[in-house]
Amino acid sequence: MTHPNAALIERFYEAFQRRDVDTMAACYAPDVTFSDPVFTQLHGDEVSDMWRMLVSRAQEFTLAFSHVAADDGHGSAHWVASYVFSQTGRAVVNQIDARFVFRDGLIVEHRDRFDLWRWAGQALGAKGALLGWTPFVQGAIREQAKRGLAAWRARAA
10 MTHPNAALIE RFYEAFQRRD VDTMAACYAP DVTFSDPVFT QLHGDEVSDM WRMLVSRAQE
70 FTLAFSHVAA DDGHGSAHWV ASYVFSQTGR AVVNQIDARF VFRDGLIVEH RDRFDLWRWA
130 GQALGAKGAL LGWTPFVQGA IREQAKRGLA AWRARAA
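Using this note's numbering, the letters of the sequence shown correspond one by one to residues 10 to 166.
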């Protein structure tokens, strides 16, 4: 029998496959926190707004997930997002390991890990492949993402 929190993770990623951000957001606690190598610390509505922004910009998007595991407090999954990065038109296949913390049947912490240098090489081309490991380029990626999310949230308000 599937643990209820494993079913919650599956519901989240199945909704993501359909680009159904409302269902994704319903899997989160109101005070959820999220981080990954690009969006280093998001809280509450910022998290679902990030997914809304990313889904709205996604071109040729597909998602696969596997290795879902969960108990009463913690969970994990592996997922692969394939898409065309809208800013450069370059194809990206991002391999991501997710970790979750649960409270009252909802996700209260979501942490994604992936190789930002590898992502930069795919999304940005030669510049990303050559310099994507540097703190300067990684910082610039994070700052651009932060500004992009803030601008998207301002337009959506």
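Cβ atoms here follow ideal geometry from the backbone N, Cα and C, with glycine treated the same way.
Strictly by DSSP, which residues pair up with residue i?
i	result
W88	F74 and I105
H119	F43 and F109
V93	Q68 and A100
L51	F43
Verify whether the separation of the beta carbon atoms of residue i and residue j is less than 8 Å.
i	j	result
A34	R112	no
Y92	F74	no
I18	A67	no
V64	R20	no
H83	V41	no
Quick check on the burial criterion: 16 or more other C-beta atoms within 10 angstroms. Buried or exposed for residue i?
i	result
M10	exposed
G114	exposed
Just to confirm the assignment, what range does the alpha helix (DSSP H) spanning residue i have?
i	result
Q147	P144 to A165
M33	V30 to A35
contact_flag[the region 112 to 128, the region 38 to 53] where n(CB pairs < 8 Å) is 3 or more: They touch, by the three-pair rule.
Cβ contact check for the region 24 to 32 and the region 94 to 108: 3 or more pairs under 8 Å: No, the region 24 to 32 does not touch the region 94 to 108.
The region 54 to 71 touching the region 158 to 166, judged by at least three CB pairs closer than 8 Å: Touching, yes, given that three or more Cβ pairs across the two stretches are closer than 8 Å.
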